[in-house]
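These notes concern the structure reproduced below.
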Amino acid sequence: MTKESDKTSLLLADAARRGIAYRQSCGGRNVAPSPASLDAICKFVEPLPENGTSDDEILALLDEVGSPATVAMAGPRFFGFVIGGSMPVSVATNWLTTAWDQNVAMHEVTPAAATLEQVALDWLVDVLGLPHGTGGGFVTGATVANFTALAAARHRVFADAGWDVEADGLIGAPALTVIVGEEAHPTLFKSLGMLGLGRERVVRIPVDGQGRMIAAELPEIDGPTIVCTQAGNINTGAFDPIGEICGAVRPSGAWVHVDGAFGLWAAASPEQAHLIKGMQNADSWATDAHKWLNVPYDCGIAFVRNPPDLASAMAITADYLTTDTEHRNPSDYTPELSRRGRGIDVWAALRSLGRSGVAELVSRCCRHATRFAAGFADAGFDVLNDVVLNQVLVAFGDDATTRRIIAEIQRDGTCWCGATVWQGKTAMRISVSSWATTENDVEISLDAMIRIAGEP
Ligand SMILES: Cc1ncc(COP(=O)(O)O)c(C=O)c1O
């Protein structure tokens, strides 16, 4: 071995050693970082050094200052936002494929990575019960998955109206109606804005007490129309009646999109699949693998029933690119040209879990959520939502009291939950999305939260 490759091996082994130690610490440490570790972050804030620093020192600085200042999202008792952990196998494949350093734009030059992504995509279509032949692309998350799928929608509805939106843009285009539920996720509006369709130029459909779109309030479909539905409300976990909406609007030519950032995974579990009945009748779907499939960030997927609609919106060519191939070119289906092979982490997670393992993961998280809800109700606190999935909303009294208790729970460090406002009332949100959460973690967390909420 040369001296240089010796140094590289030691460095990478040290990174692995530090990464392993970090992961081992996640279950035992406080979920929130200590005030002292947060203060130490300022060591990163310095002018660009004139000269370089040794690789060993950089890694040590990152680990010694950075690791303690993280919130333990990879651990078993982080219940904020909708944050999955990352399964060990997907972290391991992520490390190996980072070493591969493949740019998965084109099949010709990344045959192994592109094939693995194709297999992962086919498996996702299968496990999520999407229509045979559905295509898609691996993107950074559900925000971009919504953007990507809606770009395909924009292509198709304008093409049907005789307008080439990719070539001619939106100026002078026929009128387009975009319909959303009142409770659509904010990133959906952002995606609409990025597509030039307007964050506010939408028809908003009222929702019920769980945040579900009321299908009877849908307007008559007239002309090019995209209807954006939601599988899994960020607060309640509730589902729009997607099958009913598809039945009402698709015969008139409207495109139905499903934002299923985490809720689409209900389809993978026989116990929860009824919640998302009829969603396979839609035209496009967005989801995250970095949420419920528990792969490392960043990993979302855009699915489109008719893959040429997505390719029409995304594919490019150039003389220097090896786009002419009998294989599927990944970059024909994503906004990015260059990117990492994030679909390989999905392949690893699905191969590790199998169909039954994915179903069990989803059901287990839902069972944990039900247990949280029962524990809070037994202790006399208000559970604000029907707990149908993995989300629980609980109030500890008036808004100020709830906020104070959430802050104390975060400070205590046994677990971590965030705040929200649900239909005018401040609540604590619990989202159970991690493979690592056990029944014991739920009990430890419940005990701590109920104890803190009971303190004067
Ligand atoms: C319904 C819904 N859509 C979109 C998103 C955005 O996902 P991401 O942060 O992965 O882009 C979320 C995030 O929680 C979500 O719940």
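Numbers 20 to 475, taken from my numbering, label the letters of the sequence shown in order. C-beta: ideal position from N, C-alpha, C; glycine also.
Could you tell me whether the Cβ atoms of residue i and residue j are closer together than 8 Å?
i	j	result
isoleucine 295	cysteine 247	no
alanine 273	isoleucine 245	yes
cysteine 436	arginine 448	yes
alanine 280	alanine 161	yes
phenylalanine 415	phenylalanine 391	no
tryptophan 454	glycine 156	no
aspartate 74	asparagine 165	no
aspartate 241	valine 275	no
serine 382	serine 288	yes
valine 163	histidine 174	no
valine 90	valine 50	yes
alanine 168	alanine 305	yes
valine 323	threonine 134	no
serine 109	asparagine 313	yes
valine 146	leucine 369	yes
glycine 251	glycine 200	no
valine 365	leucine 143	yes
aspartate 33	leucine 78	yes
alanine 171	alanine 334	no
glutamine 229	aspartate 405	yes
Is any heavy atom in ligand 1 found nearer than 7 Å to the beta carbon of residue i?
i	result
glutamine 249	yes
threonine 162	yes
histidine 276	no
alanine 280	yes
aspartate 343	no
isoleucine 295	no
threonine 439	no
valine 101	yes
glycine 319	yes
isoleucine 253	yes
alanine 167	Looking at the sequence shown, residue 167 is not alanine but threonine. Outside the cutoff, so no.
threonine 456	no
threonine 206	yes
aspartate 307	yes
Just mark residue i as buried or exposed, buried being the case when its beta carbon has 16 or more other beta carbons within 10 Å.
i	result
asparagine 459	exposed
tryptophan 119	exposed
tyrosine 339	exposed
glycine 215	exposed
phenylalanine 63	exposed
glutamate 474	exposed
leucine 412	buried
proline 315	buried
valine 440	exposed
glycine 188	exposed
valine 128	exposed
alanine 93	buried
alanine 321	buried
asparagine 70	exposed
glutamate 76	exposed
arginine 220	exposed
aspartate 227	exposed
arginine 358	buried
Distance, Cα to Cα, residue i vs residue j?
i	j	result
glycine 266	methionine 298	10 Å
threonine 112	leucine 149	26 Å
histidine 309	alanine 40	22 Å
glycine 256	cysteine 61	38 Å
valine 222	threonine 196	7 Å
histidine 387	asparagine 409	8 Å
aspartate 397	alanine 472	13 Å
alanine 438	serine 450	11 Å
valine 101	isoleucine 253	8 Å
serine 482	proline 326	Residue 482 falls outside the range modelled here, since the chain spans only 20 to 475, and no answer is possible.
alanine 330	threonine 457	42 Å
tryptophan 311	threonine 342	33 Å
proline 6	alanine 234	This structure does not reach residue 6, given that the chain is present from 20 up to 475, and the question cannot be answered.
proline 243	phenylalanine 177	7 Å
methionine 232	leucine 207	15 Å
tyrosine 352	valine 158	9 Å
leucine 81	threonine 72	13 Å
threonine 117	arginine 361	10 Å
aspartate 58	proline 87	11 Å
alanine 367	alanine 446	36 Å
alanine 261	tryptophan 284	Checking the sequence, you will find isoleucine at residue 261 rather than alanine. Straight-line Cα distance between these residues: approximately 15 Å.
glutamine 291	asparagine 300	18 Å
phenylalanine 98	serine 452	7 Å
glutamine 121	arginine 347	16 Å
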